[in-house]
Amino acid sequence: MMNDNHTPVSWFRMTELDRINAPELAARIAEAEAEQLQGKPRSYPGYPTWQLPVAKPRWSPSFDAVLKRRRCHHKLASAFPGEATLGRLLQCAHGITGELYRGPVPSAGGLQALEVFLVHWQDAWLPGGAYHYDRGGHCLSQVRAGAEESGWRQRFPSLHQFSGGALLWILVGDTRLVTRKYGERGERFLLLEAGHLMQNLCLVSESLGQRTVPLGGYMERDIAKELRLLNDDLVLYAAVCGEAVRER
Numbered sequence: 101m102m103n104d105n106h107t108p109v110s111w112f113r114m115t116e117l118d119r120i121n122a123p124e125l126a127a128r129i130a131e132a133e134a135e136q137l138q139g140k141p142r143s144y145p146g147y148p149t150w151q152l153p154v155a156k157p158r159w160s161p162s163f164d165a166v167l168k169r170r171r172c173h174h175k176l177a178s179a180f181p182g183e184a185t186l187g188r189l190l191q192c193a194h195g196i197t198g199e200l201y202r203g204p205v206p207s208a209g210g211l212q213a214l215e216v217f218l219v220h221w222q223d224a225w226l227p228g229g230a231y232h233y234d235r236g237g238h239c240l241s242q243v244r245a246g247a248e249e250s251g252w253r254q255r256f257p258s259l260h261q262f263s264g265g266a267l268l269w270i271l272v273g274d275t276r277l278v279t280r281k282y283g284e285r286g287e288r289f290l291l292l293e294a295g296h297l298m299q300n301l302c303l304v305s306e307s308l309g310q311r312t313v314p315l316g317g318y319m320e321r322d323i324a325k326e327l328r329l330l331n332d333d334l335v336l337y338a339a340v341c342g343e344a345v346r347e348r
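In my numbering, the protein residues as written are 101 to 348.
Next up, the structure:
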């Protein structure tokens, strides 16, 4: 969209809340609440599934220590994390911890409209491919078998800044769900929630001896096609994960 001066108008400006559109948004929210609109964890019935072990609470390391250590490393090991590590990482970062499918990620309207996918191309206990984290079943569903490292690196130009890495995180938002309640402003909420979830992945990874490094350069449409996402899904955020290699 262009303004009178032929200057692009930011989508953020276009979706700002003001005294004119606030009543319309309030009415939309009230209608959705009257319908008891609620999100439900996505699943892929019939797809190959790998169950993840359930993690028990632990008392170390301290949260303060994890925050102090967290950094973006440019050299990562390629060893794929074990079942217990990956299970704890996903459970703590985005698992279900309360009623109505609530978890550790703040969610607008409690809709829980974020999905976590991971991709890896190694010979490991989890075969190479693209996977969706099923929050309800605490398992990984294989949405695409096999993954070529060269192809995925082409979809992530920003990976040229890093060496190694065991897997890619891809955070996806269900726009159909949030826009039904919040209109276009709902997509703002998805971006905020993706930031919360990415921070969870960063901090939980650090606590487990892994490193999650957020990325900014990736080809959203190509990724969506490879993950076989729905038309209303948006690729919002991505990261590379692996153990840190000590840099001299």
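Note that CB positions come from ideal geometry on N, CA and C, so glycine has one too.
Buried or exposed for residue i, please, with buried defined as at least 16 other CB atoms from any protein chain shown within 10 angstroms of its CB.
{"i": "Ala-126", "result": "exposed"}
{"i": "Glu-306", "result": "buried"}
{"i": "Gly-195", "result": "buried"}
{"i": "Met-102", "result": "At Met-102, the pLDDT of 45 sits below 50, so the modelled position is not reliable and the matter cannot be decided from this model."}
{"i": "Lys-281", "result": "buried"}
{"i": "Arg-188", "result": "buried"}
{"i": "Met-114", "result": "exposed"}
{"i": "Thr-312", "result": "buried"}
{"i": "Gly-251", "result": "exposed"}
{"i": "Asp-118", "result": "exposed"}
{"i": "Arg-255", "result": "buried"}
{"i": "Val-74", "result": "The structure shown does not extend to residue 74, since the chain is modelled only from 101 to 348, so the question has no answer here."}
{"i": "His-173", "result": "buried"}
{"i": "Gln-151", "result": "exposed"}
{"i": "Ile-120", "result": "exposed"}
For a test of the three-state rule: what should DSSP assign to residue i, helix, strand or coil?
{"i": "Val-335", "result": "strand"}
{"i": "Met-101", "result": "A caution first: Met-101 carries a pLDDT of 46, below 50, which makes its placement in the model unreliable, though a value can still be read off. Met-101 falls in the coil class under three-state DSSP."}
{"i": "Ser-258", "result": "helix"}
{"i": "Lys-140", "result": "coil"}
{"i": "Arg-171", "result": "coil"}
{"i": "Arg-346", "result": "coil"}
{"i": "Leu-297", "result": "helix"}
{"i": "Gly-209", "result": "helix"}
{"i": "Arg-251", "result": "Before going further, note that residue 251 is Gly rather than Arg in the sequence given. Three-state DSSP puts Gly-251 in a helix."}
{"i": "Leu-176", "result": "strand"}
{"i": "Lys-281", "result": "helix"}
{"i": "Pro-123", "result": "helix"}
{"i": "Leu-290", "result": "helix"}
{"i": "Leu-152", "result": "coil"}
{"i": "Gly-182", "result": "coil"}
{"i": "Arg-158", "result": "coil"}
{"i": "Gly-187", "result": "helix"}
Looking at the unbroken alpha helix (DSSP H) that takes in residue i, where does it start and where does it end?
{"i": "Thr-115", "result": "Element bounds for Thr-115: n/a, residue is neither H nor E."}
{"i": "Gly-264", "result": "Counting along the chain, Gly-264 falls outside any alpha helix (DSSP H), and DSSP gives it neither H nor E."}
{"i": "Thr-197", "result": "Unbroken run through Thr-197: none, as it is neither H nor E."}
Name the one or two DSSP bridge partners that residue i has.
{"i": "Ile-129", "result": "For Ile-129, which the question treats as bridged, DSSP gives no partner whatsoever."}
{"i": "Glu-215", "result": "Val-272"}
{"i": "Tyr-147", "result": "In DSSP, Tyr-147 forms no bridge with anything."}
{"i": "Asp-234", "result": "Cys-239"}
{"i": "Ala-134", "result": "Answer by DSSP bridge pairing: none, since Ala-134 is not bridged."}
{"i": "Gly-229", "result": "His-220, Ala-245"}
Could you tell me whether any non-hydrogen atom of the ligand ZN is closer than 7 Å to the CB of residue i?
{"i": "Ser-305", "result": "Absence of the ligand ZN is noted for the structure shown, with no ligands found whatsoever."}
Exercise for the section: Quick one: which unbroken alpha helix (DSSP H) runs of 4-plus residues sit fully inside the segment 299 to 344? Chain order, please. Expected result: 320 to 327
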